[in-house]
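If you want it as structure tokens, here you go:
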């Protein structure tokens, strides 16, 4: 799923805006159920642990997000809820000898953050190129909780 992000030191920060809808996006509920995820940023793919940020830690990246994507102010206004902010911290590398469960990861999204998120569901070959825009999105796939 393509998402807009900000870099915050060694972690990424994402926003559960859901386009200003009254309900949280589905991926946010997945984070609450299982914080383990895998992200793809450019050519890098790695595991992360998601943490819902609160208080001043949640409020700190918001002004930068509004500066980069001013339409997020409208999302906050329309939502009628506090938009959750989630930190994605790189997980330590697993023991190479341990069995690994495969996690699906989609191809990188060149146009994330362009405000055309519905277009990102089309096959990569049919997506318009947004190379002139500052890169600000990635695909993310949440790990399923093990049974």
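In the numbering used here, the protein residues as written are 1 to 147. All C-beta atoms, glycine included, are put in the ideal place defined by N, C-alpha and C. Only a predicted model underlies this, so the values are computations on that prediction, with no experimental measurement involved.
Report yes if the CB atom of residue 22 is closer than 8 Å to the CB atom of residue 80, and no otherwise. yes
Give the DSSP bridge partners of residue 47, in chain order. 38
Beta-carbon spacing of residue 11, residue 82 below 8 Å: no
If you run the structure through DSSP and keep just helix, strand and coil, what is residue 19? helix
C-alpha gap between residue 17 and residue 61, whole angstroms: One C-alpha to the other measures close to 14 Å.
Between the C-alpha atoms of residue 3 and residue 29, what's the straight-line distance to the nearest angstrom? Distance between the alpha carbons of residue 3 and residue 29 is about 15 Å.
Nearest to residue 78 (by Cα), restricted to the options 20, 51 and 67: 20
Run the CB neighbour count on residue 25, radius 10 Å, all protein chains shown included, and call it buried at 16 or more, exposed below. In the assembly as shown, residue 25 is a buried residue. Its beta-carbon has 16 or more other beta-carbons within 10 Å.
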